[in-house]
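Residue numbers for the sequence shown follow the numbering used here, so the first one is 54 and each next one is one higher.
Idealized CB from N, CA, C, for every residue including glycine.
A quick note: this is a predicted structure, and the numbers were derived from the prediction, not measured.
What follows is one structure encoded as structure tokens, with my remarks underneath.
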Amino acid sequence: MSKVLSRRDLAFLLYEWLDVEKLTARERYADHSRETFDAFLDVSQKIAERDFAPHNRKNDLQEPTFDGEKVEIIPEVAKALKVFAESGLIAGTVDAAHGGLQLPLVVQRACFLWFQAANTGTSAYAMLTSANAHLLLAHGTDEQIATFVEPMLEGRFTGTMCLSEPQAGSSLSDVTTKAVKSPDGEYRITGSKMWISGGDHELSENIIHLVLARVAGAPAGVKGLSLFIVPKKNLDTGERNGVTLAGLNHKMGYRGTTNAVLAFDDATGFLVGEEGRGLQYMFHMMNEARIGVGAGAVALGYTGYLHALDYAKERQQGRPVAGKDPSAPPVAIIEHPDVRRMLLASKSYVEGGLALILYAAKLVDESSQENDLLLDVLTPIVKAWPSQWCRLADDHAIQIHGGYGYTREYPVEQFYRDNRLNSIHEGTDGIQALDLLGRKVLLRQGAGLTLLLDRIKATCQKNPDLGTPIAAAADRLAATTAKLWAAGDPEKALVNATAYLDAAGHLVIAWIWLEQWLAAEGKEGDFYEGKRLAARYFVTHELPRIGPMLDLLDSGDTLLLDLDEAWLG
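This is how it looks when you write it as structure tokens:
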């Protein structure tokens with residue numbers, strides 16, 4: 054059994070639950086079949102296990118260094134990315150006209166999960182490049198696509214997104230990087246960007262930065278931001294394009310991916326689309342990256358769970374509580390109830406999170422006004438819920454390994470450190486909470502939330518035993534949402550937004566587990582029994598967590614508003 058990811062679970066979710074074969078009836082996917090989908094899953098597993106997983110620990114222990122001139126990265130990273138590019142997967146969902154495979158996103162996402170689980174540091178370069186290319190395919194000119202995107206899809210160039218600045222962080226309205234238009238129609242970009250993943254390295258011929266900047270005379274706030282393509286090197290000369298690496302940030306985990314402070318000094322930039330619409334364009338990449346972050350959290354939690362499960366079956370320690378003979382041989386720790394508790398909880402988190410990621414991807418493949426609205430509401434949950442709860446699966450994996458899990462001789466401590474970043478980048482959990490409660494549930498007078506809850510309750514009707522408590526939780530979330538916004542006071546409505554995000558996330562995962570239970574209904578074997586058990590566990594043990602969260606929200610508690618910072622010491 055692979056300890057990277059479960060191919061059996063992917064097959065169940067793709068074919069027995071989501072029925073992705075039906076997508077081949079659409080013209081865009083007509084050249085595909087289950088056989089081609091499986092072929093890409095096969096090659097993804099093979100490359101991930103052969104070329105990515107073996108250097109995961111080395112990538113962590115020998116993190117990138119900067120000598121003042123260039124970045125040094127272990128050679129295995131470039132080799133793995135070359136193999137990945139040669140597979141064609143970097144252009145998995147791209148139109149055939151641009152050399153892509155036209156895979157459904159749900160299949161491409163399943164394929165890429167292998168790489169995220171095997172080596173999150175190396176796979177991040179590919180994920181960012183893919184998201185960068187997708188943005189330019191959607192909003193760039195034909196010339197920009199030919200010049201910048203096609204080399205990315207070939208694996209020659211890599212890409213980044215440059216939003217944050219040292220003084221602004223996630224507050225993009227405070228971006229100060231300047232763009233001055235030249236007579237030739239190009240722009241000169243000056244400013245500093247911080248926390249840029251993949252921001253500098255020697256892994257590719259060029260790095261294509263997508264930079265948010267403010268054109269002279271533009272209004273304050275996010276409406277004054279424009280988006281620019283700023284290559285690391287001038288395409289004509291190959292010399293540096295006024296983009297200087299000021300330094301690398303040293304991270305707790307995710308060490309294999311360079312994280313840069315970049316200085317732009319009169320760098321040549323090319324406007325994407327129209328001035329003043331930069332953040333709108335950037336959201337194309339940000340939303341893809343947010344789903345990618347959620348997927349990465351699932352992948353790290355999943356591999357941590359599989360490592361813990363394997364260890365628990367092999368590790369002999371202790372005896373059953375009813376055992377009276379101290380001379381009896383010890384038993385495998387999986388026989389101890391608390392170990393089983395942690396394994397079952399972890400299974401429910403990572404398999405529930407994986408299903409959520411693939412469901413969101415299929416909404417993109419089946420794009421419609423209704424599905425697009427549903428995805429808007431789900432995106433903050435897709436990003437934040439796995440980042441918290443699949444990380445808990447890695448925490449459980451350390452605990453199951455005991456003292457060994459806290460050492461570097463076993464990989465689970467790295468999985469936890471790597472996963473800790475996912476609650477931070479591409480918008481912290483708190484930002485996702487504000488987005489969900491402050492924007493997404495209010496879209497079109499609440500139509501998106503109503504759509505989500507209607508779908509949840511429709512599933513609940515198919516199994517009243519598990520569905521009744523889920524439907525009740527859905528009704529209660531609707532009532533709580535209405536109560537929070539009844540007075541029209543954003544400050545009071547959003548003060549406990551994180552509790553709302555947690556409650557909504559657990560409700561959605563309970564629904565996703567009921568969907569899986571229905572897909573497994575009537576089928577025999579250990580795999581299906583495990584699905585039914587995990588579904589029952591989540592509904593009976595995890596779903597009740599949202600009661601106290603909704604109690605807090607319903608109470609109108611304003612403790613965090615009333616708090617005087619002096620009282621914190």
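Kindly indicate which three-state DSSP category residue i falls into: helix, strand or coil?
{"i": "Lys234", "result": "strand"}
{"i": "Ile484", "result": "helix"}
{"i": "Gly578", "result": "coil"}
{"i": "Gly600", "result": "helix"}
{"i": "His262", "result": "strand"}
{"i": "Lys286", "result": "strand"}
{"i": "Leu381", "result": "Reading the sequence as shown, one finds Ala at residue 381 and not Leu. Residue state, collapsed to three classes: coil."}
{"i": "Thr321", "result": "strand"}
{"i": "Tyr457", "result": "helix"}
{"i": "Met305", "result": "coil"}
{"i": "Leu695", "result": "Summary: the structure shown does not reach residue 695, with the chain confined to residues 54 through 622, and so no result is reported for it."}
{"i": "Asp610", "result": "coil"}
{"i": "His478", "result": "coil"}
{"i": "Val159", "result": "helix"}
{"i": "Asp32", "result": "The displayed coordinates of the chain run from 54 to 622. Any statement about residue 32 would go beyond what the structure contains."}
{"i": "Val130", "result": "helix"}
{"i": "Leu616", "result": "coil"}
Spatial neighbours of residue i within its chain, please: CB distance less than 8 Å, with the 5 preceding and 5 following residues excluded, ordered by chain position.
{"i": "Asp227", "result": "Glu218, Gln220, Ala221"}
{"i": "Glu139", "result": "Gly208"}
{"i": "His303", "result": "Glu116"}
{"i": "Gln452", "result": "Met395, Gly458"}
{"i": "Gly306", "result": "Asp113, Gln467, Tyr469, Arg470, Asp471, Asn472, Arg473, Leu474"}
{"i": "Leu505", "result": "Leu427, Val430, Leu431, Val561"}
{"i": "Gly583", "result": "Lys400"}
Kindly identify the DSSP beta-bridge partner or partners of residue i.
{"i": "Phe297", "result": "The residue you asked about is not Phe; residue 297 is Thr in the sequence shown. Ala316, per the DSSP bridge assignment."}
{"i": "Glu125", "result": "Thr118"}
{"i": "Arg267", "result": "Lys231, Leu278"}
{"i": "Gln369", "result": "Ala385"}
Mind reading off the beta-carbon distance from residue i to residue j? Whole number of angstroms is fine, and I expect it under 8 Å.
{"i": "Gly483", "j": "Lys493", "result": "About 15 Å separates the two Cβ atoms, so there is no contact after all."}
{"i": "Ala320", "j": "Val283", "result": "5 Å"}
{"i": "Gly309", "j": "Asp113", "result": "6 Å"}
{"i": "Glu242", "j": "Phe317", "result": "Looking at the sequence shown, residue 242 is not Glu but Ile. Yes, they are in contact, since the Cβ atoms of Ile242 and Phe317 sit about 5 Å apart, within 8 Å."}
{"i": "Tyr590", "j": "Ser401", "result": "5 Å"}
{"i": "Leu134", "j": "Ala179", "result": "6 Å"}
{"i": "Ile386", "j": "Ala361", "result": "Incorrect: roughly 10 Å between the Cβ atoms, too far for contact."}
{"i": "Ala271", "j": "Gly329", "result": "6 Å"}
{"i": "Thr200", "j": "Val130", "result": "Between Val130 and Thr200 the Cβ distance is about 26 Å, and since that is not below 8 Å, they are no contact."}
{"i": "Ile143", "j": "Ser97", "result": "With 8 Å as the limit, Ile143 and Ser97 do not qualify as a contact, their Cβ atoms being about 12 Å apart."}
{"i": "Gly300", "j": "Phe119", "result": "7 Å"}
{"i": "Leu332", "j": "Leu225", "result": "6 Å"}
{"i": "Leu567", "j": "Leu519", "result": "5 Å"}
Spatial neighbours of residue i within its chain, please: C-beta separation below 7 Å, excluding the five flanking residues on both sides.
{"i": "Ile565", "result": "Gly405, Ala408, Leu409, Tyr412"}
{"i": "Lys286", "result": "Asn259, Glu292, Arg293, Asn294"}
{"i": "Ser257", "result": "Arg209, Phe210, Thr211"}
{"i": "Gln485", "result": "Pro433, Lys436, Ala437, Leu554"}
Kindly indicate the opening and closing residues of the beta strand (DSSP E) around residue i.
{"i": "Arg241", "result": "240-250"}
{"i": "Gly212", "result": "210-215"}
Residues in the same chain with beta-carbon distance under 6 Å from residue i, minus the five sequence neighbours each way, listed in chain order, please.
{"i": "Ser399", "result": "Tyr358, Ala446, His449"}
{"i": "Val561", "result": "Ile434"}
{"i": "Arg529", "result": "Leu603"}
{"i": "Met214", "result": "Leu263, Met338"}
{"i": "Tyr82", "result": "Leu76, Pro157"}
{"i": "Glu69", "result": "Ala572"}
{"i": "Glu423", "result": "none"}
Name the two residues that bound the continuous alpha helix (DSSP H) containing residue i.
{"i": "Ala454", "result": "A small correction: the amino acid at residue 454 is His; Ala does not occupy that position in the sequence shown. Counting along the chain, the alpha helix (DSSP H) containing His454 begins and ends at 422-454."}
{"i": "His187", "result": "173-192"}
{"i": "Ala563", "result": "550-573"}
{"i": "Ser86", "result": "No alpha helix (DSSP H) contains Ser86, which DSSP labels as neither H nor E."}
{"i": "Thr39", "result": "Absent from the model: residue 39. The displayed extent of the chain is 54 to 622, so no value can be given."}
{"i": "Met395", "result": "390-418"}
{"i": "Val465", "result": "465-473"}
{"i": "Arg60", "result": "60-64"}
{"i": "Met205", "result": "203-206"}
{"i": "Leu154", "result": "Counting along the chain, Leu154 falls outside any alpha helix (DSSP H), and DSSP gives it neither H nor E."}
Cβ-heavy atom distance between residue i and the ligand MN below 7 Å?
{"i": "Tyr590", "result": "You won't find the ligand MN in this model; it holds no ligand whatsoever."}
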